[in-house]
Amino acid sequence: MRGLRGVLRVQQIRELSLFVILIMVLLLFGSQIENYFTPRTFDRIATTVAIITIVAVGQTMVVLTRNIDLSVGSIVGFTAFLIGRQFAEFRDLDPMVAVGLAMGVGALMGILNGLLVAYGRVPAVVVTLGTLAIYRGALVEYSGSQSIATRQLPDWLKELPQQTVFNLGEVEFGALPVIAIIAVILFQVILTYTRFGRRLYAVGSSPEAAEVAGIPSRRLIFTAFVISGALAGLGGFVYLARIGTITSEAARGLELQVVAAVVVGGVNTFGGSGTVIGTLLGALLVGTIEQSLIRMRINEFWKDALLGIFILIAVTSDSVIMSRLRTWWAERAQKARRSQLPASSSAGKVKA
Amino acid sequence: MNLLTRFSWLRRWETLLFVILCVVIVINTQLSEHFFNVDNISNIFRLSIEKAMVVLLMTFVIINGEIDLSIASVMGLAASVLAFTYEAGWSLPVGFVVAMAVGALCGVINGFFITYLNMPSIVVTLAGLIAYRGVARILLEDRSVGGYPEWFTGLAQNGMIGSFPFTVILFAVMFVACFIILGRTAFGRYVYVIGNNRAGAEYAGINVRRIKMTIFVATGLMAAFAGLWYAARLGNIRANAAEGFELDIITMVLLGGVSIFGGKGTMLGVGLSLLVVLNMRNGMSLANVSGNVQTSIVGALLILSVLIPNWAQSLQNTKWWRSFVERDKPSLTKGETAKGEAG
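Note that the protein sequences, when read in sequence, are chains G and U.
Start counting the first sequence at 0; every next residue gets the next number (numbering that gives the first Met the number 0).
Start counting the second sequence at 0; every next residue gets the next number (numbering that gives the first Met the number 0).
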């Protein structure tokens with residue numbers, strides 16, 4: 000037991016079990032659907048997961064600080080339409096400029112959210128429920144009930160999803176999943192190894208203590224919302240590349256899948272614990288279930304009900320099982336330390 | 000001192016709402032000569048009565064320090080259950096009872112996870128928002144179910160008692176009932192106490208769990224009823240019925256001066272803000288503002304209805320404001336001074 004505790008943390012057990020569940024889900028669908036384990040299935044799932052993951056990474060930052068961003072679906076829709084229209088007007092728009100524009104506009108929308116939450120002291124649910132409606136309304140006005148068609152887009156963008164970046168055996172990794180993987184690795188490193196990352200956890204686990212410790216919690220919460228907005232903008236770019244046809248209804252309800260991915264991935268809704276890798280696993284689970292149910296045709300309508308139930312199970316298991324496990328392990332560790340205590344404390348006295 | 004400032008602040012918020020309401024009505028009459036038409040006035044109520052019904056119960060939820068994002072999905076689910084059972088050949092009253100039971104069940108699920116497992120209401124009801132709508136999709140898939148008997152659709156569309164539309168009277172009765180329960184009963188006081196200080200309420204021997212549970216189940220029931228009413232009014236049900244209603248409902252509650260942090264707010268304020276939002280939407284419709292822009296404006300209203308009280312609060316805490324108020328009427332705003340003078 001001690002050995003196991005040395006190797007694994009509670010969070011990692013959570014992720015490991017999620018990984019097992021993911022494999023079980025894959026096997027289950029594999030036995031139900033013909034030709035399931037093919038590169039094509041993988042590709043479909045990977046591109047869906049790519050969009051969810053990119054946006055969910057930003058959402059992770061926000062949830063870590065005990066907040067929530069419900070406006071990401073509208074941001075994705077708005078930025079996808081915005082750059083779609085730019086491409087329709089200037090066909091030879093530079094790719095980097097397009098990505099920068101998408102992320103910039105997304106970040107601007109995130110700035111509004113962040114200002115209101117961090118400095119206006121309005122709860123995140125209220126702010127983002129409001130901006131969800133506002134950004135969607137802005138999109139409808141901007142689109143003027145027109146839509147972006149695939150033929151209006153430049154060829155390189157249309158071919159982007161099919162472009163293979165590297166192969167892993169028979170499986171090809173397209174450009175979109177690679178963008179998502181880069182985002183995951185980048186932000187996992189930021190969370191684990193930078194001061195900013197550690198401070199985000201600190202703010203989430205106890206805002207009061209963080210404030211006392213001199214951590215600028217408002218600025219951190221603000222930054223988390225800006226990151227979430229910028230990544231939602233990047234998600235908009237990926238959405239445009241993947242879907243091609245963008246209407247004013249684009250990505251409506253995506254925020255629900257994103258929040259589901261984050262929560263299922265083990266990011267605590269009370270803030271302060273969770274990893275980006277967990278979020279990736281959550282997104283994989285959500286995306287796999289969605290795409291597989293679509294392939295089963297009859298049960299396509301079961302998607303949302305299952306998603307909701309998954310969130311409930313994930314949150315319940317967190318609050319009931321995981322917290323018990325955490326306290327249990329902590330108690331055992333304390334006992335173990337106490338049993339060693341006499342020797343060490345006497346040694347300390349001698350030294351003193 | 001606290002009590003005094005709080006009461007005066009509340010009184011001012013409701014006065015402010017009343018002023019806003021008058022302004023909105025004046026603007027509306029300027030926008031269109033049809034505004035003061037009797038048909039239009041009763042339309043304001045009839046066309047959004049479902050939202051207004053749920054707002055009453057949502058007030059209890061938010062004063063209690065929680066939030067329920069799943070209401071719109073419960074409305075849609077109840078309507079879909081009715082449609083599903085009707086399609087399966089069940090009689091309408093039986094379907095009605097089943098749909099109400101499903102609504103109550105949704106409330107029980109929300110309440111159980113929130114009160115007994117101590118999970119945040121935002122996450123639980125967000126999961127509910129997805130799941131209940133999902134069940135509605137499973138039941139109706141992409142069909143549209145209509146063809147209900149005349150008495151059912153007629154009830155909501157043009158039922159009259161004397162010269163008043165039935166819906167308006169029904170809502171008035173509900174409003175008065177909620178007003179009395181929240182403002183004049185022990186239960187209502189407990190709702191405030193729990194919202195202000197949950198731990199304190201528990202130490203005072205209030206059965207916090209039972210009260211929270213009661214509120215969530217009642218909200219589920221009311222949402223189901225409102226969903227059925229919506230179904231009757233439209234006469235045609237799809238799985239996406241009432242989608243997005245939570246925005247309007249939460250806006251009406253918060254604009255009414257109910258604090259999102261719990262423990263503050265009155266039914267009177269909520270009633271006034273309900274009138275403000277309904278009249279605003281009506282005015283915008285008369286001025287041909289598109290539905291999506293209307294929704295955006297309601298979204299902005301939602302944020303402002305929390306932001307402005309926050310600003311007012313910080314303004315009251317500034318030195319400048321204090322010195323300003325103290326010079327004006329020291330004995331009323333400064334508790335210590337008043338006490339000192341009395342002593």
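Every residue, glycine too, gets a C-beta built ideally from N, C-alpha and C.
By the criterion of Cβ-Cβ separation under 8 Å, what are the contact partners of residue i in chain U?
i: G:SER318; result: LEU116, ASN117 and MET118
i: G:VAL96; result: The contacting residues do not exist; G:VAL96 stays about 28 Å from chain U at best.
Are the C-beta of residue i and some C-beta of chain G separated by less than 8 Å?
i: U:PHE112; result: yes
i: U:ALA299; result: yes
i: U:ALA130; result: yes
i: U:ALA223; result: no
i: U:VAL305; result: yes
i: U:VAL122; result: yes
i: U:GLU140; result: yes
i: U:PHE17; result: no
i: U:LEU277; result: no
i: U:ASN196; result: no
i: U:LEU104; result: no
i: U:LEU76; result: no
i: U:LEU246; result: yes
Using a threshold of 8 Å, state whether the C-beta atoms of residue i and residue j are closer than that.
i: U:PHE170; j: U:MET266; result: no
i: G:GLY307; j: U:ALA238; result: no
i: G:GLY76; j: G:VAL225; result: no
i: G:LEU230; j: G:ILE51; result: no
i: G:PHE80; j: G:LEU152; result: no
i: G:GLN187; j: G:VAL257; result: no
i: G:ILE310; j: U:ALA126; result: yes
i: G:VAL319; j: G:THR268; result: no
i: U:LEU20; j: U:LEU271; result: yes
i: G:GLY105; j: G:THR78; result: yes
Shorter than 8 Å from the beta carbon of residue i to some beta carbon of chain U?
i: G:ASP303; result: yes
i: G:ALA137; result: yes
i: G:ARG120; result: yes
i: G:GLY234; result: no
i: G:GLU140; result: yes
i: G:ILE110; result: no
i: G:LEU311; result: yes
i: G:LEU115; result: yes
i: G:PHE36; result: no
i: G:VAL258; result: yes
i: G:SER343; result: Residue confidence for G:SER343 is low, a pLDDT of 49 falling below 50, so the modelled location carries little weight; the figure read from the coordinates is stated next. Answer no: the Cβ-Cβ gap between G:SER343 and chain U never drops below 8 Å.
i: G:ALA351; result: Residue confidence is low: G:ALA351 scores 39 on pLDDT, short of 50, so the model does not pin down where it sits. Its coordinate-derived value is still stated next. Answer no: the Cβ-Cβ gap between G:ALA351 and chain U never drops below 8 Å.
i: G:PHE28; result: no
i: G:LEU63; result: no
For a contact meaning CB atoms closer than 7 Å, what does residue i contact in chain U?
i: G:ARG217; result: Here the premise fails: no neighbours, minimum Cβ distance about 14 Å.
i: G:GLY129; result: GLY298, ALA299, LEU301 and ILE302
i: G:PHE300; result: ARG136, ILE137 and GLU140
i: G:ILE67; result: ILE121
i: G:VAL262; result: VAL122
i: G:LEU255; result: ILE129
Check the Cβ of residue i against every Cβ in chain G and list those closer than 8 Å, keeping chain order.
i: U:THR294; result: ALA132, ARG135 and GLY136
i: U:ILE249; result: VAL125 and LEU128
Name, please, each residue of chain G whose Cβ falls closer than 7 Å to the Cβ of residue i.
i: U:VAL134; result: ALA304
i: U:GLY127; result: GLY307
i: U:ILE66; result: VAL124
i: U:ILE259; result: PRO122 and VAL125
Chain G partners of residue i, CB-CB under 9 Å?
i: U:ASN309; result: GLY119, ARG120 and VAL121
i: U:GLY88; result: The contacting residues do not exist; U:GLY88 stays about 22 Å from chain G at best.
i: U:LEU253; result: VAL125
Cβ closer than 8 Å: which chain B residues qualify as neighbours of residue i?
i: G:PHE269; result: Of the chains in the structure shown, none is chain B; the protein chains are G and U.
For residue i, which residues in chain U fall below 9 Å Cβ to Cβ?
i: G:THR246; result: Going along chain U, no residue has its Cβ under 9 Å from G:THR246, so there is no contact; the nearest lies around 13 Å.
i: G:VAL314; result: PHE112, LEU116, MET118, PRO119, VAL122, VAL123 and ALA126
### Query
Touch check for the region 272-291 of chain U and the region 34-53 of chain U: three-plus C-beta pairs under 8 Å?
Yes, since at least three Cβ pairs between the region 272-291 of chain U and the region 34-53 of chain U fall closer than 8 Å, the two stretches touch.
### Query
Just checking, does the region 73-88 of chain U make contact with the region 142-151 of chain U on the three C-beta pairs under 8 Å criterion?
Counting Cβ pairs under 8 Å, three or more are found: they touch.
### Query
For the region 102-118 of chain U against the region 248-268 of chain U, are there 3 or more C-beta pairs whose distance is under 8 Å?
Counting C-beta pairs with one atom in each stretch, the region 102-118 of chain U and the region 248-268 of chain U have fewer than three that are closer than 8 Å, which means they do not touch.
### Message
Contact between the region 217-237 of chain U and the region 91-103 of chain G is defined here as three or more beta-carbon pairs at a separation below 8 Å; is this criterion met?
### Response
In short, these stretches do not touch, since the Cβ pair count stays below three.
### Task
State whether the region 260-271 of chain G contacts the region 77-92 of chain G, with contact taken as three or more CB pairs (one from each stretch) at a distance under 8 Å.
As far as the Cβ criterion goes, the region 260-271 of chain G does not touch the region 77-92 of chain G, which means the pair count is below three.
### Query
On the three-pair Cβ rule with 8 Å, is the region 39-59 of chain U touching the region 197-209 of chain U?
No contact exists between the region 39-59 of chain U and the region 197-209 of chain U.
### Task
Evaluate the contact criterion for the region 242-249 of chain U versus the region 67-77 of chain U: three or more CB pairs, one atom per stretch, below 8 Å.
A contact exists between the region 242-249 of chain U and the region 67-77 of chain U.
#### Entry: Uninterrupted alpha helix (DSSP H) stretches inside the region 1-87 of chain G (no shorter than 4 residues)
Entirely contained in the region 1-87 of chain G, the alpha helix (DSSP H) runs reaching 4 residues are, in chain order, 1-6, 9-31 and 38-63.
### Message
Below 8 Å, how does it come out for the region 281-300 of chain G and the region 211-220 of chain G: are there three or more Cβ pairs, yes or no?
### Response
Cβ pair count under 8 Å is below three, so no.
### Query
Which parts of the region 262-314 of chain U are runs of the alpha helix (DSSP H), unbroken and 4 residues or longer, counting only runs that do not cross its ends?
266-285, all fully within the region 262-314 of chain U.
### Query
What alpha helix (DSSP H) runs, 4 residues minimum, are completely inside the region 228-283 of chain G?
As far as the region 228-283 of chain G is concerned, its whole alpha helix (DSSP H) runs of at least 4 residues are 253-263.
### Message
Does the contact criterion of 3 or more C-beta pairs under 8 Å hold for the region 238-250 of chain G versus the region 147-162 of chain G?
### Response
Three or more Cβ pairs closer than 8 Å define a contact, and the region 238-250 of chain G meets that threshold against the region 147-162 of chain G.
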